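Student: Quick note on numbering: the sequence shown equals residues 257 to 1411 in this note's numbering.
Think of the CB as a built atom: it goes at the ideal place given N, C-alpha and C, for glycine as much as any other residue.
Remember, it's a predicted structure, so these values are computed and weren't measured experimentally.
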Amino acid sequence: MEMLLSTKGITICLFFFVLSLAAAIEIPLSVSQLPTITEQSHAQVAYPFDEDFTMKCEARGNPQPTFNWTKDGKPFDLSSDPRIVPSNNSGTFVIQNRGLINNFQGKYRCFASNVLGTAMSEEIELIVPSVPKFPKEKIEPLDVEHGDSVILHCNPPKGIPPLHIYWMNIDLQHIPQDERVSMSLKGDLYFANVEESDSRSDYCCFAAFPRLRTIVQKMPMTLRVSRSNFIKERKPKLLIPPESAGSSSSVTVIKGGVLLLECIAEGLPTPHLSWVKVTGNMPKEEPETENFGKTLKIEQVTAADEGTYQCTASNPLGRARHEFHVHVEEPPQWLKKPEGGVYSVGTNLVLLCEAIGNPEPSIQWKLNGMPIDGRTFRGRVSTREISLTNLQLQDSAVFQCEATNKHGTILASANVNVLNIAPLILTPDEENYATVVGYSAFLHCDIFASPAADVRWTKDDSIEPLSTFRYELNKNGTLEIRDTKKEDSGSYACWAANSVGKRAITANLDIRDATKLVVTPKSPRVLKSHSILLKCQAEYDPHLKHSFKLSWRKDGDELPVNSTEGGRIILERDTLFIPSVLLEDQGVYTCVASTALDAAEAEAHLIVLDVPDPPEDLQLSENQNRSVRLSWRAGASHNSPVNESIIEFEENRWEPGRWQELSRVPGNDTTALLSLAPYVNYQFRVVSVNAVGRSQPSKPSLRYATPPAAPDKNPENIRVEASEPNEMVMKWEPLKPVERNGPGLEYKVSWRQRGVEEDWNEELVKKHSLSVRNVPTFVPYEIKVQAVNNLGSGPEPNVTIGYSGEDVPDAAPSGVSVEVVNSTLVKVFWFGIPRDRVRGHLRGYKVSWWKTKSLLDGKRHHPEKHFLTFVGDRNYGMIPGLEPFSEFRLTVLAFNSRGDGPESSPVVFETPEGVPEQPRFLRIMNFDKDSVTLSWGLPKKANGHLTGYILQYQIINETHEVGAVSDVSVANRSVLSWRLAGLSPSTKYKFYIKACTAKGCGKAATEEGLTLAQGTYAGIYEGISTQGWFIGLMCAIALLTLLLLTICFVRRNKGGKYSVKEKEDLHPDPEAQSIKDEIFGEYSDSDEKPLKGSLQSLNGDIKATGSADSLVDYGEGEHGMFNEDGSFIGAYSGSKEKGSVESTGSSTATFPLHA
257 MEMLLSTKGI
267 TICLFFFVLS
277 LAAAIEIPLS
287 VSQLPTITEQ
297 SHAQVAYPFD
307 EDFTMKCEAR
317 GNPQPTFNWT
327 KDGKPFDLSS
337 DPRIVPSNNS
347 GTFVIQNRGL
357 INNFQGKYRC
367 FASNVLGTAM
377 SEEIELIVPS
387 VPKFPKEKIE
397 PLDVEHGDSV
407 ILHCNPPKGI
417 PPLHIYWMNI
427 DLQHIPQDER
437 VSMSLKGDLY
447 FANVEESDSR
457 SDYCCFAAFP
467 RLRTIVQKMP
477 MTLRVSRSNF
487 IKERKPKLLI
497 PPESAGSSSS
507 VTVIKGGVLL
517 LECIAEGLPT
527 PHLSWVKVTG
537 NMPKEEPETE
547 NFGKTLKIEQ
557 VTAADEGTYQ
567 CTASNPLGRA
577 RHEFHVHVEE
587 PPQWLKKPEG
597 GVYSVGTNLV
607 LLCEAIGNPE
617 PSIQWKLNGM
627 PIDGRTFRGR
637 VSTREISLTN
647 LQLQDSAVFQ
657 CEATNKHGTI
667 LASANVNVLN
677 IAPLILTPDE
687 ENYATVVGYS
697 AFLHCDIFAS
707 PAADVRWTKD
717 DSIEPLSTFR
727 YELNKNGTLE
737 IRDTKKEDSG
747 SYACWAANSV
757 GKRAITANLD
767 IRDATKLVVT
777 PKSPRVLKSH
787 SILLKCQAEY
797 DPHLKHSFKL
807 SWRKDGDELP
817 VNSTEGGRII
827 LERDTLFIPS
837 VLLEDQGVYT
847 CVASTALDAA
857 EAEAHLIVLD
867 VPDPPEDLQL
877 SENQNRSVRL
887 SWRAGASHNS
897 PVNESIIEFE
907 ENRWEPGRWQ
917 ELSRVPGNDT
927 TALLSLAPYV
937 NYQFRVVSVN
947 AVGRSQPSKP
957 SLRYATPPAA
967 PDKNPENIRV
977 EASEPNEMVM
987 KWEPLKPVER
997 NGPGLEYKVS
1007 WRQRGVEEDW
1017 NEELVKKHSL
1027 SVRNVPTFVP
1037 YEIKVQAVNN
1047 LGSGPEPNVT
1057 IGYSGEDVPD
1067 AAPSGVSVEV
1077 VNSTLVKVFW
1087 FGIPRDRVRG
1097 HLRGYKVSWW
1107 KTKSLLDGKR
1117 HHPEKHFLTF
1127 VGDRNYGMIP
1137 GLEPFSEFRL
1147 TVLAFNSRGD
1157 GPESSPVVFE
1167 TPEGVPEQPR
1177 FLRIMNFDKD
1187 SVTLSWGLPK
1197 KANGHLTGYI
1207 LQYQIINETH
1217 EVGAVSDVSV
1227 ANRSVLSWRL
1237 AGLSPSTKYK
1247 FYIKACTAKG
1257 CGKAATEEGL
1267 TLAQGTYAGI
1277 YEGISTQGWF
1287 IGLMCAIALL
1297 TLLLLTICFV
1307 RRNKGGKYSV
1317 KEKEDLHPDP
1327 EAQSIKDEIF
1337 GEYSDSDEKP
1347 LKGSLQSLNG
1357 DIKATGSADS
1367 LVDYGEGEHG
1377 MFNEDGSFIG
1387 AYSGSKEKGS
1397 VESTGSSTAT
1407 FPLHA
């Protein structure tokens, strides 16, 4: 268990370790040691085109070794020939290629010796080939008869393998070979039987030696074939192996080599060769035959290839056989090699040497390159073992073990160094190490010592060895600190001691902060063609800033730093940006940060979303007259599961090329049973849908035609339309093309007058309408429409009631009466006409009215007719917007779809007085410091007998603050001006004037003005008030000022700070307000507040009219109408004989328009 203590030189932990370095560390050259062969040549060929040949032998040891050589087991003096150039301090020598060098061919061995012993190299064979040549000879022509067998011998010269033999003519064209004519492994050309075409005088054998870069040619040979007097047919006879070899022979092959067995036969007809393994199993892989079956070849021979192989040559006349007994042998191979090492005085030595081979190899031990003499050797020697006890310094030696059989020799050496030295620490002192938190730190302390040294590590000033599970001492003396922490920084000491002496070194360790990475977003899901930005945030130790590197990988493969694929993936240090994501961009993106001490990785798994791939492999099955099963294979969903599949169809009879939706199935389903219509030639396709969108349609399926059938349904939406009273036009929705079910579609139309006729009238039509004339006006008919095609009729149709053509009503409403509600509104009552007089579908009633005269002046008016329409079967209605104090006439008529019926007799009624309209103007005629003179015009419409005027005024300022309203009653209706006194100087006022009748007062006209400052004229009158020119000037200035003020006030009154709404709140129309209160009870305008104190002072004498009618009582005008529920849907308007007229301007008449 780890113990955390102070860092001021106090012991951290305790650990003790004994380290054996006998075979783990190479002996330093500073220590006395036996020679060791470090490099040597192997078998080589002295090619004639090489300038020289190097025989290499290098060795190390202390003292420096000396070298000598043997050739073919005898001492070889390097100074015996001037062509030998030795190397200094090395056993290597060079043989210069001058003159004849055949005498250098042989087997060499190098010996390296010092006072401690001798090391011996393996044998090095030097081959000095001669230049291969065919002997110059005269070759006699060979005369044979047709059918004879012939052998043309090549007998190539000896040379360095490989050897390639070719038979060609003088033009260097290959002699054709087949089962009849073939070349043996030795290069001879065999004819199983000759033909006359084989005659030629230029059979040439070429021998090629690639390693010698040489091709040699034998003298041409002549073969003459003559015609035989008879056919020499005969059974096969083996030429290889020859009959003299008997029926069997033995073949030895080296394990791992190539086995070649050859059989060549002669005979007529040409024999055929075959192979079989008589004993044991044939190799798992069929053996390879070459040369037209005449050679059996097995490569990489193993012990399992041993056995008896038989070749058989056969033709129709017989067969010949030969057996090969194959034996697999192998050169020596080590089972155990002797291993040397460093030994301390007094220890024991055991060397083992074991080898295998076939035949079994013999083992020979040597000491310093010489056979061991058992009489003088103080140890024990056996075939496979050498042992020595109580080793002493003089026992240092090189032991060699040599294993030999007929296939080769192998050599193993063991250096036994008996040493007695103090520890040597090979690692430099004061080494600096660094690692990061959490990683392992390795502090090196390579030691050589004999006897073995005890090694321990301490930290800082402590003398106690380190311990705990976090510290581990490796065999080579290295201290490993696992899972390092900041407090592991400091100075460490490595101590090595044995019985001869003691050594120590120090090492410094720094612990850095570990590199950390975070990639955001971690698992982005991005739509195809959208962009993605990955950011890699890194934290690392400031000391490692210069070695910090950042890179990106995708699925393990590193991405280039700047950009990839023409800038499609953009890398800028810590960001990765893909402006338009493709499907292949999906994968794991890894941000890799590395420093000189550590590396860190962080991953982001990019998932690319896209619409599904189109479904594939559409198949039709379970074919029925009215159904078929459609199956398909879903395409890739691209990380968004398929929600549903849409099945579409196209037919080529009615609407070719137009695809229509037929069915939808859940996303996991890949099959659907489709309900089909008769007489349709279908083809289908499927569209997959996921959260991203719809896939492209699949390729269409094969076409599937359903047989025709009688209609399954009849037309719908049967209705009667007519433009004439005695006509009936029956119409219906035609069947869709896919609903026809077969050819020859027609419609059987049946009709009869309801309750009058019993028999049906019938007619077949192809279009979707039928017109019947000379029928009674507007009587009910029973109607049926049935679909019919060439295969039959549709189901029994339903009966629909329809009416024949309409005519205008022939009666007028009766009992028309009028109830006056107020000066602008009346309520009309009537009795509806009988049903049989409507002669159609009753649409409603129209009320028409017109003004005949004014009750104020008795003047008669030209009729200006107005009307309102009241929809439906009703007997009353509200007529708004009438002029007060007038006489009117009113009529009512009924109407249907055909038109208007006759009007009722006119009814006369009068409207009572109303409030006047706003005076035409209000002007300020004269200003003084405490008074003002006002002038106003008559109202445009008095709406009754004027009783006088109400003049009001109040103080106002720029902040919308207003004072109390003061009233002045002008009882004389003829007075149109008034002087107000008692005003405050230099004060802004607002003035109101409104006209009144017995019914009340109307809307006010307004004006604003500013009184003069006090004392304005005092000084002037004292000096120059008596001057005439001054009086004229002041009058002109006063008139100009008054004109400018009037223009300013008018403009401000129209578009200044005081809104129209505010003015209306100050001077409301009492009658209009009453209607608002009683008819439009829920109307409110609480968002805009009136001026202070205005409503109380202005409306105290206004009384409600008491109307309680709802909006449903109002009818429809020519352009503006009320709905059947009474809501107003347009502007009220009247009609003239010459067209429409403008509004009269009455506030009460226009009131309903703004409700």
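Are H894 and L839 close, meaning C-beta to C-beta below 9 Å?
Tutor: Within the sequence shown, the letter at position 638 stands for residue 894. Within the sequence shown, the letter at position 583 stands for residue 839. Yes; because the gap between Cβ atoms is below 9 Å, this pair is in contact.
Student: Nearest to D854 by alpha carbon, out of K772, R882, N881?
Tutor: As a working note, residue 854 is residue 598 in the sequence shown. Comparing Cα-Cα distances from D854 to each of K772, R882, N881, the minimum goes to K772.
Student: Tell me, to the nearest whole angstrom, how far the beta carbon of K1246 is from that of E1264; I am working on the premise that it is less than 8 Å.
Tutor: Translated into the one-based positions of the sequence shown, residue 1246 becomes position 990. Translated into the one-based positions of the sequence shown, residue 1264 becomes position 1008. Right, the Cβ-Cβ distance comes to about 5 Å (below 8 Å), so this counts as a contact.
Student: Return yes when the Cβ of F1151 is within less than 9 Å of the Cβ of G1100, no when it is not.
Tutor: Translated into positions along the sequence shown, residue 1100 becomes position 844. Translated into positions along the sequence shown, residue 1151 becomes position 895. Result yes, Cβ atoms of G1100 and F1151 sit closer than 9 Å.
Student: For the stretch 969-986 against the stretch 1035-1050, do three or more pairs of beta-carbon atoms, one drawn from each stretch, fall closer than 8 Å, so that the two count as touching?
Tutor: Because the criterion of three Cβ pairs below 8 Å is met, the stretch 969-986 and the stretch 1035-1050 touch.
Student: Kindly indicate the opening and closing residues of the beta strand (DSSP E) around L1149.
Tutor: Here the question's residue 1149 lines up with position 893 in the sequence shown. L1149 -> beta strand (DSSP E) spans 1142-1152.
Student: Roughly how many angstroms lie between the CA atoms of I383 and G415, to the nearest whole one?
Tutor: By one-based count along the sequence shown, residue 383 stands at place 127. By one-based count along the sequence shown, residue 415 stands at place 159. The alpha-carbon atoms of I383 and G415 are separated by roughly 11 Å.
Student: For Y422, collect the residues of the same chain with a Cβ closer than 6 Å to its Cβ; drop the 5 residues on either side in sequence, then sort them by chain order.
Tutor: Taking the first residue of the sequence shown as 1, we reach residue 422 at position 166. The residues are F462.
Student: What's the C-alpha gap between C847 and S369?
Tutor: On the sequence shown, position 591 is the one that residue 847 refers to. On the sequence shown, position 113 is the one that residue 369 refers to. Roughly 59 Å between the two C-alpha positions.
Student: In this structure, does DSSP put T632 in helix, strand or coil?
Tutor: On the sequence shown, residue 632 is found 376 positions in, with the first residue counted as 1. Residue state, collapsed to three classes: coil.
Student: What three-state label does DSSP hand A560 in the structure shown?
Tutor: In the sequence shown, residue 560 corresponds to position 304, counting from 1. Reduced to three states, the DSSP call for A560 is helix.
Student: Tell me which residues share the same chain as L829 and place their Cβ nearer than 7 Å to its Cβ, disregarding the 5 neighbours each side in the sequence.
Tutor: Position 573 of the sequence shown holds residue 829. The displayed chain sequence assigns Arg, not Leu, to residue 829. Same-chain partners within the cutoff: L806.
Student: Between the alpha carbons of T294 and Y364, how many angstroms are there, rounded?
Tutor: Reading the sequence shown from its first residue, position 38 is the one you call residue 294. Reading the sequence shown from its first residue, position 108 is the one you call residue 364. Each residue's alpha carbon lies about 17 Å from the other.
Student: For K1022, is the classification buried or exposed, using 16 other Cβ atoms within 10 angstroms of its Cβ as the cut-off for buried?
Tutor: Within the sequence shown, residue 1022 is the residue found at index 766, counting from 1. Exposed.
Student: Going by beta carbon distance, what residues of the same chain come within less than 7 Å of E814, once the five residues before and after it are set aside?
Tutor: In the sequence shown, counting from the first residue as 1, residue 814 sits at position 558. Cβ neighbours of E814 beyond the five flanking positions: S807.
Student: May I ask you to report which of helix, strand or coil DSSP gives T1262?
Tutor: As a first step, residue 1262 is located in the sequence shown; it is residue number 1006 there, counting from the start. Strand, per DSSP.
Student: Is it right to say E282 is buried, meaning 16 or more other beta carbons lie within 10 angstroms of its own, or is it exposed?
Tutor: Your numbering for residue 282 matches position 26 in the sequence shown. Label assigned to E282: exposed.
Student: Please report the residue range of the beta strand (DSSP E) in which H528 lies.
Tutor: Start at 1 with the first residue of the sequence shown, and residue 528 comes out as number 272. Taken as a continuous stretch (DSSP letters only), the beta strand (DSSP E) holding H528 covers 528-533.
Student: Bridge partners of P412, per DSSP?
Tutor: In the sequence shown, residue 412 corresponds to position 156, counting from 1. Per DSSP, none; premise fails for P412.
Student: For G1133, is the classification buried or exposed, using 16 other Cβ atoms within 10 angstroms of its Cβ as the cut-off for buried?
Tutor: Taking the sequence shown and counting its residues from 1, one reaches residue 1133 at position 877. Result: buried.
Student: Starting from T322, trace the beta strand (DSSP E) in both directions and tell me its first and last residue.
Tutor: Within the sequence shown, the letter at position 66 stands for residue 322. Here the beta strand (DSSP E) through T322 covers 322-327.
Student: Does DSSP put G355 in a helix, a strand or coil?
Tutor: Working through the sequence shown from its first residue, we reach residue 355 at position 99. In the three-state reduction of the DSSP assignment, G355 falls in the coil class, being assigned neither a helical nor a strand state.
Student: Smallest Cα separation from V481: which of G403, M475, V1028?
Tutor: By 1-based counting over the sequence shown, the position of residue 481 is 225. It is G403.
Student: V598 by DSSP, collapsed to three states: which one?
Tutor: Residue mapping note: residue 598 aligns to position 342 of the sequence shown, counting from 1. If DSSP states are grouped into helix, strand and coil, V598 belongs with the strands.
Student: To the nearest angstrom, report how far apart Q320 and N676 are at their CA atoms.
Tutor: To locate residue 320, count along the sequence shown from 1; it is residue 64. To locate residue 676, count along the sequence shown from 1; it is residue 420. Distance between the alpha carbons of Q320 and N676: 20 Å.
Student: My parser needs the beta strand (DSSP E) runs of 3 or more residues fully inside the stretch 680-733; what are they?
Tutor: 687-692, 697-699, 703-706, 710-715, 727-729
Student: Give the secondary structure of R467 by DSSP, where H, G and I count as helix, E and B as strand, and everything else as coil.
Tutor: In the sequence shown, counting from the first residue as 1, residue 467 sits at position 211. Note: R467 maps to helix in three-state DSSP.
Student: From F1141 to G1200, what distance separates their C-alpha atoms?
Tutor: Numbered from 1 along the sequence shown, position 885 holds the residue referred to as residue 1141. Numbered from 1 along the sequence shown, position 944 holds the residue referred to as residue 1200. Approximately 6 Å, taken between the alpha carbons.
Student: Does the separation of the CB atoms of I967 and N1045 fall below 9 Å?
Tutor: Within the sequence shown, the letter at position 711 stands for residue 967. Within the sequence shown, the letter at position 789 stands for residue 1045. The sequence as given places Pro at residue 967; Ile does not occur at that position. Taking 9 Å as the Cβ cut-off, P967 and N1045 qualify as a contacting pair.
Student: Between which two residues does the beta strand (DSSP E) containing I974 stretch?
Tutor: Looking up residue 974 in the sequence shown gives position 718. Looking at the DSSP string, the run of the beta strand (DSSP E) that includes I974 is 972-977.
Student: Which of the three DSSP states is assigned to R1093 in this structure?
Tutor: Within the sequence shown, residue 1093 is the residue found at index 837, counting from 1. Assignment of R1093 by DSSP, reduced to helix, strand and coil, places it in the helix class.
Student: What does a CB cutoff of less than 6 Å around F367 pick up in its chain, not counting 5 residues either side in sequence?
Tutor: Working through the sequence shown from its first residue, we reach residue 367 at position 111. The beta carbon of F367 sits closer than 6 Å to those of N324, T374, M376, G625, all from its chain and outside the five residues before and after it, given in chain order.
Student: On the criterion of 16 or more Cβ atoms from any shown chain inside 10 Å, does R230 qualify as buried, or is it exposed?
Tutor: Here the chain has residues from 257 to 1411 only, and residue 230 is not among them.
Student: What is the rounded straight-line gap between the Cα of A1294 and the Cα of D1113?
Tutor: Locating residue 1294 in the sequence shown gives position 1038, where the first residue counts as 1. Locating residue 1113 in the sequence shown gives position 857, where the first residue counts as 1. Cα-Cα distance, rounded: 42 Å.
Student: Starting from N1182, follow its DSSP beta bridges and name the residues at the other end.
Tutor: Here residue 1182 corresponds to residue number 926 of the sequence shown, with the count starting at 1. The partner list for N1182 (beta bridge, DSSP) reads T1189.
Student: Three-state secondary structure (DSSP) at F360?
Tutor: As a position in the sequence shown, residue 360 is number 104, starting the count at 1. Three-state result, F360: helix.
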